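J.: Here it is, the structure in full.
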Amino acid sequence: MSADSDVEKTEPASEQRLNKAREEGQVARSRELNTCFLLLAGAGTIWATGLHMYEQLVHVMRSGMVVEWGPKTDMGDSREMAFAMMNGFISALFSLAPLLLVVAVVAIFSSVALGGLVFSTKALEPKFSRLNPIEGIKRLVSAQTWVELLKTLSKAVVIGTVGALAISAYLPEILELSNLYLPRGMARGMQIIAVICIFIMGSLLLIALIDVPWQMFSHAKKLRMSKDELKREHKESEGDPMVKGRIRQQQREAARRRMMADVPRADVVVTNPTHYAVAVHYDPDGTGAPLILAKGRGAIAVKIKELAAEHRIPMLEAPPLARALYANAEIGQQIPPVLYTAVAQVLAWVFQLRKHNEGRGFMPERPTSLPVPAELDPQSKTASSQA
């Protein structure tokens, strides 16, 4: 079984496939719907303006058969004959203008009633594959060809039957038309023709109501996709998941390198002591709150502590504060206001430690019992939920 067989194409067309088909001019169309609308518009126009149209055409015919004699009339002058013919043609065109205008407008709108308006030059491009006799034979014996043949035969039978019944119903009146005065007989004849057309259109409307859903189903079936095609399209539009994964990994590694490069600027590293590490920086001359320069857990936390030790950055073991900072503050952002007091005590310890190291003060005691709200500590929240 081929990969493109109809059996495997069980998935509905994607939005991208529908848009591509529309760009190529492939939309659902129904000729029966167009024909029904055109006949309905033509018959309705004849019914409404038949008498006026007849009078105008009779006037044109009479004008063309009457020669206005005058002192300058020259029957041998071909220019006068051409001028008269041109006047007659223009008058006839104006007489038929309502019918032609209505039919033209309806033809445009009925053609886009199903499928919408589509402008595509690809549908006009020559396809040499159509000249392939083998493909032509395949199209002749395809299911679509048999369906079209069945539709044509059914349409002929239905229209022929309805037309025969309508004509037989008006047959006595049609035979009596020859006894009427010519203008009235012609007008009545055109009305009968319009009525018969309306009956025929009723049958065409029934065919169109069947054909429109079929064309929509056939178009959707033609554009069906297999699961492999959907996967390929998804890869083409979204990118290969493996490639995207490698890109995300590289982005994370680049962000981690930038984060690690900022660790030497930290004033203190708060640890868990082994699971978490958060590097905090505070600018006394600035107006903002302390910033998170880096944070991590596991191997990243170990690397942050190694860099802190290498650059002699003070480290403080404060598990609740380390967990709270890690869970509630992002890199490059200020610490949450509820942690200002706890971080302020840590920074005060750091500044006193610097003075001591410079020989300008006493050795400060490490801060303990820092005021960290329990709701900010993930471990406290987990313990409370288990309780």
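According to my numbering, the sequence shown holds residues 138 to 524 in order. Here a beta-carbon is modelled for each residue, glycine too, at the ideal position from N, C-alpha and C. All values derive from a computational prediction rather than experimental measurement.
Would you give the residue range spanned by the beta strand (DSSP E) that residue 408 belongs to?
T.: 405-408
J.: Should residue 514 be labelled buried (16 or more other beta-carbon atoms within 10 Å of its own) or exposed?
T.: buried
J.: Hey, how far is the Cα of residue 230 from the Cα of residue 191?
T.: 13 Å
J.: Which word fits residue 429, buried or exposed, when buried means at least 16 other C-beta atoms lie within 10 angstroms of its C-beta?
T.: buried
J.: Looking at the unbroken alpha helix (DSSP H) that takes in residue 349, where does it start and where does it end?
T.: 319-359
J.: Based on Cα-Cα distance, which residue from 339, 326, 483 and 476 lies nearest to residue 311?
T.: 326
J.: Could you tell me how far apart the beta carbons of residue 446 and residue 431 are, in whole angstroms, since I believe they sit closer than 8 Å?
T.: Contact flag wrong, Cβ pair sits at about 14 Å.
J.: Tell me which residue opens and which closes the alpha helix (DSSP H) that residue 442 is part of.
T.: 436-447
J.: Measure the C-alpha to C-alpha separation of residue 437 and residue 393 and round it to an integer number of angstroms.
T.: 9 Å
J.: Between 306, 240 and 434, which has its C-alpha nearest residue 336's C-alpha?
T.: Comparing Cα-Cα distances from residue 336 to each of 306, 240 and 434, the minimum goes to 306.
J.: Spatial neighbours of residue 174 within its chain, please: CB distance less than 6 Å, with the 5 preceding and 5 following residues excluded, ordered by chain position.
T.: 243 and 247
J.: Going by the DSSP bridge assignment, what does residue 413 pair with across the sheet?
T.: 434
J.: Could you tell me the distance, in whole angstroms, from the CA atom of residue 480 to the CA atom of residue 443?
T.: 22 Å
J.: Across the region 463-478 and the region 492-499, are there enough close Cβ pairs to call them in contact, namely three or more that are closer than 8 Å?
T.: no
J.: Take residue 516 and list the residues in its own chain whose beta-carbon comes closer than 7 Å to its own, dropping the five residues that flank it on each side.
T.: 460
J.: Measuring straight from C-alpha to C-alpha, what distance separates residue 494 and residue 465?
T.: In a straight line, the C-alpha of residue 494 is about 32 Å away from that of residue 465.
J.: Among 357, 298 and 329, which one has its Cα closest to the Cα of residue 308?
T.: 329
J.: My output table needs one value for residue 296: the three-state DSSP class, helix, strand or coil.
T.: helix
J.: Counting Cβ pairs closer than 8 Å, one from the region 183-199 and one from the region 350-362, do we hit at least three?
T.: no
J.: Ends of the beta strand (DSSP E) at residue 453?
T.: 452-454
J.: Using a Cβ-Cβ cutoff of less than 7 Å, which residues in the same chain neighbour residue 454 once the five nearest sequence positions on both sides are dropped?
T.: 408 and 410
J.: Alpha carbons only, please: which of 367, 177 and 362 is nearest the one belonging to residue 338?
T.: Among 367, 177 and 362, the Cα nearest to that of residue 338 belongs to 177.
J.: Alpha helix (DSSP H) containing residue 419: first to last residue?
T.: Counting along the chain, residue 419 falls outside any alpha helix (DSSP H), and DSSP gives it neither H nor E.
J.: Quick one: Cα of residue 362 to Cα of residue 282, how far?
T.: 22 Å
J.: Are the beta-carbon atoms of residue 324 and residue 187 separated by less than 8 Å?
T.: With contacts defined as CB atoms closer than 8 Å, residue 324 and residue 187 qualify as a contacting pair.
J.: Does DSSP classify residue 163 as helix, strand or coil?
T.: coil
J.: Residue range of the alpha helix (DSSP H) that residue 488 falls in?
T.: 477-494
J.: My output table needs one value for residue 507: the three-state DSSP class, helix, strand or coil.
T.: coil
J.: Between the C-alpha atoms of residue 457 and residue 434, what's the straight-line distance to the nearest angstrom?
T.: 14 Å
J.: Just to confirm, is the Cβ distance from residue 296 to residue 346 under 8 Å?
T.: no
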